[in-house]
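Here the protein sequences line up with chains B and V, keeping their order. Here the first sequence is numbered in this note's numbering, starting from 15 and rising by one per residue. Here the second sequence is numbered in this note's numbering, starting from 3 and rising by one per residue. Read the structure below first, then the notes.
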Amino acid sequence: NAGVTQTPKFRVLKTGQSMTLLCAQDMNHEYMYWYRQDPGMGLRLIHYSVGEGTTAKGEVPDGYNVSRLKKQNFLLGLESAAPSQTSVYFCASTEGGETQYFGPGTRLLVL
Amino acid sequence: GIQVEQSPPDLILQEGANSTLRCNFSDSVNNLQWFHQNPWGQLINLFYIPSGTKQNGRLSATTVATERYSLLYISSSQTTDSGVYFCAVRWSTDKLIFGTGTRLQVFP
């Protein structure tokens, strides 16, 4: 039982490039989330999903898109990366509204 | 939207000392969690505590939902307790709103 895993762990992009971050969970959780964490701050919700095929916007959705084609996977896309998207990205999952389980994070640097 | 404030922002302790971290929130919530983010960035669940008191070893937490605050107690602190402690509340649908955290440093 790996819990929540994220791919890649670290990535460097140039401004304007695109990329996709993958989150996978093996706990059969319905709910999945993408957060970003900037230095010295808490986590802010980007997008979330309450089930396969559904997505919704969080606090800071601009510049990101998501997809939940399979229950166990939640993808976060950056179509045209900007330096302001330099951050650490965390994925989380939960069953219902209780404890959220977090992945190890992806460090993204946009030059 | 709901505001989540944590205090103190920074805390420095010597090993063996006790501490209390506070989380205030501005509206009614139906879920509150405490997390520890270790120096390597990993987020670890500590407590799911929408109300009442829970204990796990040297850590305990109390949430008084009617007064909109939660407390995290760390007793006999160890260097491995260092990191950032976040509280997060679930408000309206299924969004967790995080506080800005308390950075704890424990020295031997």
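We treat Cβ as the ideally placed atom computed from N, Cα and C, and that holds for glycine. In this text, all values refer to a predicted model and were calculated from it rather than measured experimentally.
Along the beta strand (DSSP E) that carries B/M41, what are the first and last residues, could you check?
Run containing B/M41: none; DSSP gives neither H nor E here.
Measure the C-alpha to C-alpha separation of B/E112 and V/N33 and round it to an integer number of angstroms.
For B/E112 and V/N33, the gap between their C-alpha atoms comes out near 7 Å.
DSSP-derived helix/strand/coil call for B/T19:
DSSP, reduced to helix, strand and coil, places B/T19 within a strand of the structure shown.
Any contact of the stretch 40 to 51 of chain B with the stretch 12 to 26 of chain V, i.e. 3+ C-beta pairs under 8 Å?
The answer is no - the stretch 12 to 26 of chain V does not touch the stretch 40 to 51 of chain B, with fewer than three Cβ pairs under 8 Å.
With a cut-off of 8 Å, does the C-beta of V/F100 fall near any C-beta of chain B?
At least one chain B Cβ lies under 8 Å of V/F100.
Contact defined as beta carbons within less than 8 Å: I believe V/G85 pairs with V/Q8. What is the distance between those atoms, to the nearest angstrom?
Contact annotation, V/G85 with V/Q8: C-beta distance approximately 14 Å; criterion of less than 8 Å not satisfied.
Can you list, in chain order, the residues of its chain with a C-beta nearer than 8 Å to that of B/V74? Leave out the 5 residues immediately preceding and following it.
Closer than 8 Å at the Cβ level, and outside the excluded window around B/V74, lie R50, R58, L59, I60.
Less than 8 Å separating the beta-carbons of B/F24 and V/L45?
Not in contact: B/F24 and V/L45 (Cβ atoms no closer than 8 Å).
Within 8 Å of any Cβ in chain V, is that where the Cβ of B/F24 sits?
Taking Cβ atoms only, chain V never reaches closer than 8 Å to B/F24, which makes this a no.
Please report the straight-line C-alpha distance between V/L98 and B/N79, rounded to a whole angstrom.
For V/L98 and B/N79, the distance between alpha carbons rounds to 19 Å.
For V/S28, which residues of its own chain have a beta-carbon under 6 Å away from its beta-carbon, when the five flanking residues on both sides are left out?
Cβ within range, chain order: I4, Q5.
Which class does V/Q39 belong to by DSSP, given the choice of helix, strand or coil?
DSSP places V/Q39 in strand when its eight states are reduced to three.
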